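Protein chains in written order, with this note's numbering: chain A, 3 to 257; chain B, 3 to 257; chain C, 3 to 257; chain D, 3 to 257; chain E, 3 to 257; chain F, 3 to 257.
Since the structure comes first, as structure tokens, the remarks are kept for the end.
Protein chains: 6
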Amino acid sequence: MSEQTAWEIARLETGIPGFDQVSNGGLPKNRTSVVAGTAGSGKTVLALQFLMSGVRNYDEGGVFVTFEESPEDLIYNVKSFGWDLDGLLRRKKIAVVDATPDPGEINVEAGSFDLTALLARIENGVREVNAKRVILDAIGALFPQFTDSSTVRRELHRIAAGLRKLGVTTLITMERLDEEGGVGRFGVEEFVADNVIILRNRLDQEKRRRTIEILKFRGCMHQKGEYTFTVDASEGISILPLSAIELKQSSSDKR
Amino acid sequence: MSEQTAWEIARLETGIPGFDQVSNGGLPKNRTSVVAGTAGSGKTVLALQFLMSGVRNYDEGGVFVTFEESPEDLIYNVKSFGWDLDGLLRRKKIAVVDATPDPGEINVEAGSFDLTALLARIENGVREVNAKRVILDAIGALFPQFTDSSTVRRELHRIAAGLRKLGVTTLITMERLDEEGGVGRFGVEEFVADNVIILRNRLDQEKRRRTIEILKFRGCMHQKGEYTFTVDASEGISILPLSAIELKQSSSDKR
Amino acid sequence: MSEQTAWEIARLETGIPGFDQVSNGGLPKNRTSVVAGTAGSGKTVLALQFLMSGVRNYDEGGVFVTFEESPEDLIYNVKSFGWDLDGLLRRKKIAVVDATPDPGEINVEAGSFDLTALLARIENGVREVNAKRVILDAIGALFPQFTDSSTVRRELHRIAAGLRKLGVTTLITMERLDEEGGVGRFGVEEFVADNVIILRNRLDQEKRRRTIEILKFRGCMHQKGEYTFTVDASEGISILPLSAIELKQSSSDKR
Amino acid sequence: MSEQTAWEIARLETGIPGFDQVSNGGLPKNRTSVVAGTAGSGKTVLALQFLMSGVRNYDEGGVFVTFEESPEDLIYNVKSFGWDLDGLLRRKKIAVVDATPDPGEINVEAGSFDLTALLARIENGVREVNAKRVILDAIGALFPQFTDSSTVRRELHRIAAGLRKLGVTTLITMERLDEEGGVGRFGVEEFVADNVIILRNRLDQEKRRRTIEILKFRGCMHQKGEYTFTVDASEGISILPLSAIELKQSSSDKR
Amino acid sequence: MSEQTAWEIARLETGIPGFDQVSNGGLPKNRTSVVAGTAGSGKTVLALQFLMSGVRNYDEGGVFVTFEESPEDLIYNVKSFGWDLDGLLRRKKIAVVDATPDPGEINVEAGSFDLTALLARIENGVREVNAKRVILDAIGALFPQFTDSSTVRRELHRIAAGLRKLGVTTLITMERLDEEGGVGRFGVEEFVADNVIILRNRLDQEKRRRTIEILKFRGCMHQKGEYTFTVDASEGISILPLSAIELKQSSSDKR
Amino acid sequence: MSEQTAWEIARLETGIPGFDQVSNGGLPKNRTSVVAGTAGSGKTVLALQFLMSGVRNYDEGGVFVTFEESPEDLIYNVKSFGWDLDGLLRRKKIAVVDATPDPGEINVEAGSFDLTALLARIENGVREVNAKRVILDAIGALFPQFTDSSTVRRELHRIAAGLRKLGVTTLITMERLDEEGGVGRFGVEEFVADNVIILRNRLDQEKRRRTIEILKFRGCMHQKGEYTFTVDASEGISILPLSAIELKQSSSDKR
Ligand SMILES: Nc1ncnc2c1ncn2[C@@H]1O[C@H](COP(=O)(O)OP(=O)(O)OP(=O)(O)O)[C@@H](O)[C@H]1O
Ligand SMILES: Nc1ncnc2c1ncn2[C@@H]1O[C@H](COP(=O)(O)OP(=O)(O)OP(=O)(O)O)[C@@H](O)[C@H]1O
Ligand SMILES: Nc1ncnc2c1ncn2[C@@H]1O[C@H](COP(=O)(O)OP(=O)(O)OP(=O)(O)O)[C@@H](O)[C@H]1O
Ligand SMILES: Nc1ncnc2c1ncn2[C@@H]1O[C@H](COP(=O)(O)OP(=O)(O)OP(=O)(O)O)[C@@H](O)[C@H]1O
Ligand SMILES: Nc1ncnc2c1ncn2[C@@H]1O[C@H](COP(=O)(O)OP(=O)(O)OP(=O)(O)O)[C@@H](O)[C@H]1O
Ligand SMILES: Nc1ncnc2c1ncn2[C@@H]1O[C@H](COP(=O)(O)OP(=O)(O)OP(=O)(O)O)[C@@H](O)[C@H]1O
Ligand SMILES: [Mg+2]
Ligand SMILES: [Mg+2]
Ligand SMILES: [Mg+2]
Ligand SMILES: [Mg+2]
Ligand SMILES: [Mg+2]
Ligand SMILES: [Mg+2]
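Following this line, the structure appears as structure tokens:
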């Protein structure tokens, strides 16, 4: 249909082992991508590793907005990876925006979240550390159970638009109850998002295996299907950029 | 029952590789067809390729109504296919109607969409570029979650009727949460529509495969069942006009 | 239990190839039968072919009540079968009652359908063309989503009773979302109806195959199970009056 | 635990071929049994055959309460079995109570059924023909969709208690949407009923096969599991009192 | 972790053949156990046999609270087992509390059950026959369909607490719609109960097979998994205290 | 990505046989872990064994908050394990907080639980026995059926925050209706919790097998997948720290 162009959507190299290969070059730059996964599937580790790698490998600041884990917990939880989050906070490489519920408040009306205030706090963080990367971790907390899907859609649009203005590349993590079926709880999330990544923690004959899949990247080439990854204390997440078939062959080669 | 007539419903050649073969000649002319698919199944690429091919191969203008992606994103996202949407907008070959939610507005009442105004804006676009092809991309955004199915039915009829008067051939894309089961969210969409095309992104043993199926074309012959297609940067969408069986044989012939 | 009687419920030969064999003689005469099927399963073609055959083979007039497709579309859609609906309308062999939603009306209260008025319009049509056959196509449109099932039951009884008085044999087509499970949306349709026919568009390994089944004919013998049928431009619908097993054998005989 | 007693709950021989063997002697006498089945599974034929056989073989009168089919239809529908219902009505062997919705009434409030009046009409019928057998056909019509299950429970108890006083053996037929899962729509029917029989119309590889199962008879021995039956014009329903295994053997013996 | 103690929770021998083996000694004494099962699974027979055996083998009185079957029916239904319930009622060995709905009352408000009154009536019965065993049969009738699960939980606690004070061992039978999934209708019953027994009526290739399983006994050892049982006229229920595997072997030994 | 650090999140050895191996060192110290499982899956036994082992092996006090079983029942139920709960209560090694519903109260408004009061009672218990380990058993009772998921989320955060201040390691047990699917009833529990353990009581060919899985431990290494465990009178729970494969091999080695 057209002469093969060299043109490609700009990407941001993540530095996460294997991810830049599987995604054909990293995350779409200056855009928002959604990472969906069940509990414990590795969303928070992936998101933080994205920030850490930004600081270490590309000297890019990062902002982490946390809706579930307190900043203290976050810092503590990733120490075992050898990530000195605390030091980076002090050295103003990374900023944390604490959006967890205040245990002191008792009767907060559900759903009364103030998105404009949140965006302002994120903007402050971005300025403070000159951030190029932003994380919104566990965004499900933003929407009460019975929110109308049109509201979810509009708010997600506002978040993406607000962040785009700041010139940052954003990862939003989203909770998922099942490995199969639709991506989000409200049936609109996967359509509103420009880019969707799925983390799975497959249970097969009582053993677990972790996989990552790029479900869609609007306007981008990327590898299709699921890729196996591991989480370990020295490396964090590493993705094996081999398809299931290649993996099987390579493992049978070894025997 | 009757002498074999030469009579056939008029078709509009799409120019999308393989589609005109699989559909026995293209889309039913001057009518509305629905393209349903899960997130990332290729709805927007198919729809835009339909417009691009109209301009390039048949010199027919096109109007693109977008409910999810902003016009700027659209232009940017398809650059990698070598499609110069921007140039075509300037040369008044293609018009874009922006129906995405306004991030500035906060308290829009859900469902208060003004269909008459939208049809008027489309009509303007059609006049401006002398359009023969119209796209409504991601129409799900039009109907809040709890819309009664009778309302959805009536509004879909009004859209189809409004567009028919303009003498254009229309593709409406519709979001789908599952590869199986009914086509739309409200249980009436597939019955109201004259023509229904399904895009699938099948997950089989952790690999993805894309297929297209013409589920129904009222009054038209068409090939039945699913056909494999690919999306790549130089061609966009290409459909392999071979059935699953032919495909298997041709691939086993090669070995 | 009794001496074998020659007595049999009166039937109306449909003239649809294969149907009169599979049904042991045609539709129960002067009664209402329901044809249920998913989108594109062939309900409208079957229904119209029933009317066409009435005119051509038995010189019986027919009335077509349409809830989804406009009369103009209907006429146009079946031209490819060589059916000159337009001519038959002019020659007062067939009458069409247009019960599609009026695109001009905006705020019609859902569910406020006037059944008495509809029956009166049908009666007019029957008189006008001296009809023996009546079609109500896509009756789902009559009942909004949240209609109580008792209401649906009562209205279906009123329709059947009203039509019986006119001395006609009626086919009502009904939309179905899934190939499996209950027949109608409200869980009562299949019990109220005297006769139920199911059209299926089976998806098996990405290929489609059409089947027809007579689920029940009150008071009548009929063949049981599913029969394959085809739709083509010269014949319309033709049913292969062979069971799956006979079909397999006959096809293996050929080899 | 106890000396084997000769004592057995009294039974009423039905005269339906095979049924009295499968049930170890017929229906529990002077009690109510529920027959549940999907549309066209044979509920009405079984119920009527129960009455016919009462008249013919045991000279017992019968009352048929019909909620779906009009008396005229009933009479007409079973003529093909050689059952002269009309004659039996005139000779006061069988009485029919018409409880179908009145097509003339338009705005009957759903659920406003008067059970006391119904029981009185049944009592009249029983007196008139000196009935020993009573049928309530398609009782689902009694309960609107959103009836609370406690109400259904209480009303079913009242019906059973009312009929027991009349000294009759009753069959109540009940509509079922699926071959699997719970028996009734409200989740209490099968627990309230003393005796439950299930008719199935199994779809296996596109062929249908009819089976009958006695799910429970309180206080009675009966055969367990499903038994095949047929419906034909000369015999009505005949049950093969052989288990699936015996059936297989006997059919393989023949070869 | 500890020296093996001889200490064991006190048990009440049931006398039901096989049950005391499968349960490692009978029901937990002075406690409430729930028996859940689908319609006709044998709940009422098991419960009554528990009382009968108490009288016959251990000279312990029993109280039967019935929510579905009238006392007259109960007495009649178990005559075929050679159980002379009537005589035992007269000899004040067994008392029956009739908690079935009163067919005379028409407009009882659903859910307005008076638990305190019920407990008082049970207490009377217990005193009258000096009961050690109590049955509450078909307790589902106590809770209308839309009862909040917290209410169900609290009422079940009150019943258990009330009965414990009386120093009796209680069986409560509970209706279940499906052989799989949660035990009760409200999702809390199995957690509130100290002890849960499941009766199943498995349908496997159109044949039925009955099994019993002790799902949990708080604080007690018991055999795990399902055990086959039979119901026959001379023995009532007999459980085969062999696991499925042992059963297979023993049956293949015989050949 | 980083030099392998020796740093690891602090753990509390549980002393439960096998658990400290499967969890790579015990529960995350000073944090809250959720144990979810179906009825009878062993939640209460695991929780109590955690406390018992604390007292016996590490001389750490424990507080047990019980929502379902009364303190008397608890004490009685675990006597068979040789656990002298009563003695430990008297020697102020273990404290029990009774949060079961009061059978005397009749009209408590569902959901009106006072979390602040509960936390205060727990704090008292912790002080009294100088507790390092806390159990909240059967927490589902805290949330009525229709609680909004945002409320559940906030309350769970408050509980975890309140307990953290006390410097204790907490296990919360949570009821689950199905072995598959989401962990909790409200769709948020598994995301709010830092650590999730699942107990399963798998039914496979009518036999039961118990397994334990650490679904997630935020910030910690742990073994993946399900491990078999047993409950017996002398040991309580013992986990086999071998994977399914190792288990198969070791069992086939033995033969
Ligand atoms: N330039 C490209 N080269 C190759 N593949 C591309 C390119 N652009 C898009 N794709 C593929 O097409 C997918 C997106 O297709 P498209 O946006 O048409 O899907 P969609 O059905 O409209 O999804 P949504 O419902 O989310 O809008 C991408 O995820 C990617 O896999
Ligand atoms: N002229 C034709 N030649 C061959 N096939 C045709 C022709 N016209 C229609 N068909 C086939 O019949 C299908 C439509 O059948 P029909 O309109 O009767 O379905 P339906 O069950 O009424 O669907 P709906 O519920 O959407 O109205 C088309 O999708 C096409 O596959
Ligand atoms: N005279 C007959 N000869 C042979 N088969 C018959 C005859 N009459 C009825 N049948 C068969 O019995 C079926 C209808 O049985 P019946 O009316 O008893 O079903 P049902 O369970 O009452 O259905 P519904 O719920 O729709 O009332 C028919 O569909 C047909 O297959
Ligand atoms: N005398 C008997 N001899 C043999 N089997 C019997 C006898 N009485 C009952 N049964 C069997 O037991 C079944 C009924 O058992 P029971 O009434 O205990 O079930 P249930 O679980 O209480 O059912 P429901 O929930 O409907 O009350 C009967 O359907 C029958 O199969
Ligand atoms: N002393 C014992 N010896 C052997 N097994 C026991 C003993 N006590 C309990 N069990 C087993 O443990 C099961 C109960 O475990 P536990 O009470 O911990 O379950 P649970 O998950 O808390 O259940 P629930 O949700 O109903 O409270 C019993 O059903 C029994 O199988
Ligand atoms: N230091 C570590 N070493 C090895 N594995 C770890 C380490 N930290 C975490 N993990 C693994 O990662 C899992 C948690 O990952 P993570 O917190 O990113 O999941 P998540 O998807 O964010 O879950 P949630 O939705 O519950 O927040 C842990 O359960 C553990 O299996
Ligand atoms: Mg996380
Ligand atoms: Mg799109
Ligand atoms: Mg149609
Ligand atoms: Mg019937
Ligand atoms: Mg019972
Ligand atoms: Mg417990």
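Ideal Cβ positions, reconstructed from N, Cα and C, are used throughout, including at glycine.
Owing to the predicted nature of the structure, the values given are computational and were not obtained by experimental measurement.
1) For chain E, is any of its Cβ atoms less than 8 Å away from the one on residue 93 of chain F?
2) Consult DSSP for residue 194 of chain F and reduce its assignment to one of helix, strand or coil.
3) Cβ of residue 152 of chain E less than 8 Å from any chain F Cβ?
4) Straight-line CA distance for residue 102 of chain F to residue 46 of chain F?
5) Can you tell me the Cα-Cα spacing of residue 94 of chain B and residue 23 of chain A, whole angstroms?
6) In chain B, which residues lie less than 9 Å from residue 210 of chain C when you measure between Cβ atoms?
7) Whole angstroms is fine: what's the gap from residue 78 of chain D's alpha carbon to residue 157 of chain B's?
8) With a threshold of 7 Å (Cβ to nearest heavy atom), would residue 43 of chain C be considered close to ligand 2?
9) Classify residue 148 of chain E as buried or exposed, calling it buried when 16 or more other Cβ atoms lie within 10 Å of its own Cβ.
10) Using 7 Å as the cut-off, classify the Cβ of residue 70 of chain C as near or not near the heavy atoms of ligand 9, replying yes or no.
11) Three-state secondary structure (DSSP) at residue 129 of chain D?
12) Let me know the secondary structure DSSP gives residue 58 of chain A once reduced to three states.
13) Using the rule of at least 16 other Cβ atoms within 10 Å of the residue's Cβ for burial, across every protein chain shown, is residue 51 of chain A buried or exposed?
14) Among the candidates E/61, E/72, E/234 and E/124, whose CA atom is the shortest distance from the CA of residue 17 of chain E?
15) List, from N- to C-terminal side, the alpha helix (DSSP H) runs of 4 residues or more that fit wholly inside the stretch 134 to 180 of chain D.
16) For a quick check, are the C-beta atoms of residue 176 of chain C and residue 36 of chain C less than 8 Å apart?
17) Over the uninterrupted alpha helix (DSSP H) stretch that includes residue 228 of chain C, give me the two end residues.
18) Less than 7 Å separating the Cβ of residue 223 of chain A from some heavy atom of ligand 1?
19) Could you name the residues that DSSP lists as bridge partners for residue 39 of chain C?
20) In whole angstroms, what separates the C-alpha of residue 26 of chain E from that of residue 124 of chain F?
21) Does DSSP classify residue 215 of chain B as helix, strand or coil?
22) What's the C-alpha gap between residue 144 of chain E and residue 173 of chain A?
23) Confirm the yes/no value for this check: CB of residue 139 of chain E, any heavy atom of ligand 11, distance under 7 Å.
24) Which residues share a DSSP beta bridge with residue 241 of chain F?
25) Straight-line CA distance for residue 30 of chain C to residue 231 of chain C?
26) From the DSSP output, in three-state form, read off residue 64 of chain B for me.
27) Residues of chain F with CB under 9 Å from residue 82 of chain A, in chain order?
28) DSSP has residue 98 of chain D in a bridge; who is on the other side?
29) What does residue 185 of chain B reach in chain C if we use C-beta pairs closer than 8 Å?
30) Looking only at its own chain, which residues have a Cβ that is under 7 Å from the Cβ of residue 159 of chain F, when we skip the five neighbours before and after it?
31) Taking just the CA atoms, how far does residue 184 of chain C sit from residue 74 of chain F?
So, from the data block:
1) On the sixth sequence, position 91 is the one that residue 93 of chain F refers to. No, no contact with chain E.
2) Residue numbering aside, residue 194 of chain F sits at position 192 when the sixth sequence is read from its first letter. Three-state DSSP puts residue 194 of chain F in a helix.
3) Here residue 152 of chain E corresponds to residue number 150 of the fifth sequence, with the count starting at 1. Residue 152 of chain E counts as touching chain F.
4) In the sixth sequence, the residue the question calls residue 102 of chain F occupies position 100. In the sixth sequence, the residue the question calls residue 46 of chain F occupies position 44. Straight-line Cα distance between these residues: approximately 14 Å.
5) To locate residue 94 of chain B, count along the second sequence from 1; it is residue 92. To locate residue 23 of chain A, count along the first sequence from 1; it is residue 21. Using only the alpha carbons, I get a separation of about 39 Å.
6) Here residue 210 of chain C refers to the residue found at position 208 of the third sequence. Within chain B, the residues 215, 217, 226, 227 and 228 have their CB atoms less than 9 Å from the CB of residue 210 of chain C, given in chain order.
7) Start at 1 with the first residue of the fourth sequence, and residue 78 of chain D comes out as number 76. Start at 1 with the first residue of the second sequence, and residue 157 of chain B comes out as number 155. Rounded to whole angstroms, residue 78 of chain D to residue 157 of chain B spans 45 Å at the Cα level.
8) Numbered from 1 along the third sequence, position 41 holds the residue referred to as residue 43 of chain C. Yes, ligand 2 has a heavy atom inside 7 Å of this Cβ.
9) On the fifth sequence, position 146 is the one that residue 148 of chain E refers to. Classification for residue 148 of chain E: exposed.
10) The sequence position of residue 70 of chain C within the third sequence is 68, counting from 1. Residue 70 of chain C Cβ: within cutoff of ligand 9.
11) Taking the fourth sequence and counting its residues from 1, the one referred to as residue 129 of chain D is at position 127. Residue state, collapsed to three classes: helix.
12) As a position in the first sequence, residue 58 of chain A is number 56, starting the count at 1. In the structure shown, residue 58 of chain A sits in a helix (DSSP, three-state: H, G or I).
13) Position 49 of the first sequence, counted from the start, is the residue given in the question as residue 51 of chain A. By the neighbour-count rule (16 or more Cβ atoms within 10 Å), residue 51 of chain A is buried.
14) As a working mapping, residue 17 of chain E is identified with position 15 in the fifth sequence. Out of E/61, E/72, E/234 and E/124, E/61 has the C-alpha closest to the C-alpha of residue 17 of chain E.
15) Segments of the alpha helix (DSSP H) lying fully in the stretch 134 to 180 of chain D: 151 to 167.
16) One-based indexing of the third sequence puts residue 176 of chain C at position 174. One-based indexing of the third sequence puts residue 36 of chain C at position 34. Yes, these two residues count as a Cβ contact at 8 Å.
17) On the third sequence, position 226 is the one that residue 228 of chain C refers to. For residue 228 of chain C, no alpha helix (DSSP H) run applies; the uninterrupted beta strand (DSSP E) run containing it begins and ends at 228 to 234, by DSSP.
18) Residue 223 of chain A sits at position 221 when you count from the first residue of the first sequence. Correct: residue 223 of chain A has its Cβ closer than 7 Å to ligand 1.
19) Sequence index remark: in the third sequence, residue 39 of chain C carries index 37 (1-based). DSSP, once it has assigned bridges, lists C/177 and C/201 as partnering residue 39 of chain C.
20) As a first step, residue 26 of chain E must be located in the fifth sequence, where it is residue number 24. As a first step, residue 124 of chain F must be located in the sixth sequence, where it is residue number 122. Distance between the alpha carbons of residue 26 of chain E and residue 124 of chain F is about 37 Å.
21) For this step, residue 215 of chain B is matched to residue 213 along the second sequence. DSSP places residue 215 of chain B in strand when its eight states are reduced to three.
22) Within the fifth sequence, residue 144 of chain E is the residue found at index 142, counting from 1. Within the first sequence, residue 173 of chain A is the residue found at index 171, counting from 1. Cα to Cα, the separation comes out at about 51 Å.
23) On the fifth sequence, position 137 is the one that residue 139 of chain E refers to. Between ligand 11 and residue 139 of chain E, a heavy atom-to-CB distance of less than 7 Å is present.
24) The sequence position of residue 241 of chain F within the sixth sequence is 239, counting from 1. Looking at the DSSP output, residue 241 of chain F bridges to F/231.
25) Here residue 30 of chain C is taken as the residue at index 28 of the third sequence, counted from 1. Here residue 231 of chain C is taken as the residue at index 229 of the third sequence, counted from 1. Those two C-alpha atoms are separated by around 21 Å.
26) Residue 64 of chain B sits at position 62 when you count from the first residue of the second sequence. Reduced to three states, the DSSP call for residue 64 of chain B is strand.
27) Here residue 82 of chain A refers to the residue found at position 80 of the first sequence. Residue 82 of chain A reaches chain F at 7, 9, 10, 11, 221, 222 and 223, counting residues in chain order whose Cβ is nearer than 9 Å.
28) Looking up residue 98 of chain D in the fourth sequence gives position 96. DSSP output for residue 98 of chain D lists D/66 as bridge partner(s).
29) Counted from its first residue, the second sequence places residue 185 of chain B at position 183. Correct list: 41.
30) The count along the sixth sequence starts at 1 and reaches residue 159 of chain F at position 157. Here the set comprises 194.
31) For the purposes of this step, residue 74 of chain F is taken as residue 72 along the sixth sequence, with counting starting at 1. For the purposes of this step, residue 184 of chain C is taken as residue 182 along the third sequence, with counting starting at 1. Distance between the alpha carbons of residue 74 of chain F and residue 184 of chain C is about 52 Å.
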